[in-house]
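Q: The structure that follows is given in the form of structure tokens.
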Amino acid sequence: MATGVEELVDMLFAMIDEAKSVPLSSEKCIIERDKALDLLDDIKAQFPMELGEAKKLLAARADYIASAKREAELIRKQAEEKARQMLAEDELLAQAKQKSNEMVKVAEDRSRELRRAANEYCEDALRRTEEAVSEAYDEIKRSRARFRAAAAGVQQPVAGAGAAAPGGRTVYDAAADEN
20 MATGVEELVD MLFAMIDEAK SVPLSSEKCI IERDKALDLL DDIKAQFPME
70 LGEAKKLLAA RADYIASAKR EAELIRKQAE EKARQMLAED ELLAQAKQKS
120 NEMVKVAEDR SRELRRAANE YCEDALRRTE EAVSEAYDEI KRSRARFRAA
170 AAGVQQPVAG AGAAAPGGRT VYDAAADEN
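Each residue of the sequence shown is one higher than the last, beginning at 20 in my numbering.
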């Protein structure tokens with residue numbers, strides 16, 4: 020005996036297709052009523068089972084689709100969260116870059132200011148040193164001039180110490196000046 024509704028319907032179709040035509044009619048045929056009714060009873064008996072299986076398949080399909088939708092929604096939410104995080108990170112990165120650029124500018128400005136102040140300080144220190152050296156040089160010139168004047172006033176050679184210097188100048192003797 021047939022196991023499925025489809026097979027039973029095929030058997031009923033074959034029975035009708037192979038049935039003898041009624042004389043003088045092409046649309047009507049003669050089939051064995053009992054066999055046709057038995058096939059229809061078998062079909063009716065099979066329907067609840069196959070309908071139940073079809074309902075189970077439809078329910079399983081609906082569950083699968085719902086699960087797939089939930090998973091797709093979860094994936095979408097995760098992607099949105101990841102995108103938000105990336106945007107936040109990009110925003111933080113942009114803020115950090117801006118802050119670092121500002122800090123570098125401030126540091127460069129401060130460095131230029133310190134360099135200018137250091138240059139001014141060095142220039143001032145060198146100027147003061149130059150003035151001090153110049154004053155010391157002038158004092159040395161004045162002292163030499165006083166030495167020369169004093170030496171020119173004491174032109175007497177002292178025993179052994181007042182020898183003439185090369186070039187005919189007399190050497191100043193401080194010990195002789197004390198006498």
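Just so you know, even glycine gets a beta-carbon here, dropped at the ideal spot from N, CA and C.
1. With DSSP as the reference, please indicate the residues paired to Ile35 in a beta bridge.
2. Check whether the segment 86–93 and the segment 57–77 touch, using three or more Cβ-Cβ pairs below 8 Å as the test.
3. Could you give the distance in angstroms between the alpha-carbon of Asp82 and the alpha-carbon of Leu70?
4. For the segment 97–111 against the segment 47–59, do three or more pairs of beta-carbon atoms, one drawn from each stretch, fall closer than 8 Å, so that the two count as touching?
5. Give me, in chain order, the residues of the same chain whose beta-carbon lies closer than 6 Å to that of Glu127; leave out the 5 immediate sequence neighbours on both sides.
6. According to DSSP, simplified to helix, strand and coil, what is Ala180?
7. Can you tell which of Ser44, Lys39, Ser153 and Lys75 has the C-alpha that lies nearest to the C-alpha of Glu51?
8. When you compare only the Cα positions, how much space is there between Val41 and Met34?
9. Can Leu31 and Gln65 be called in contact, C-beta distance under 9 Å?
10. How is Ser45 classed by DSSP in three states: helix, strand or coil?
11. What is the rounded straight-line gap between the Cα of Ser130 and the Cα of Glu142?
12. Taking the alpha helix (DSSP H) that Glu69 falls in, what are its first and last residues?
13. CA-CA distance, Arg161 and Val125?
A: Answer, in terms of the structure:
1. Answer is none; Ile35 lacks a bridge partner.
2. They do not touch, by the three-pair rule.
3. Between Asp82 and Leu70, the C-alpha separation is close to 18 Å.
4. No, they do not touch.
5. Taken in chain order, the list of residues that qualify is empty.
6. At Ala180, the pLDDT of 48 sits below 50, so the modelled position is not reliable and the matter cannot be decided from this model.
7. When only C-alpha atoms are compared, the closest one is Lys39.
8. Approximately 15 Å between the Cα atoms of the pair.
9. Between Leu31 and Gln65, the C-beta spacing is not below 9 Å.
10. Three-state result, Ser45: coil.
11. Approximately 18 Å between the Cα atoms of the pair.
12. DSSP places Glu69 inside the alpha helix (DSSP H), whose first and last residues are Arg52 to Gly172.
13. Using only the alpha carbons, I get a separation of about 53 Å.
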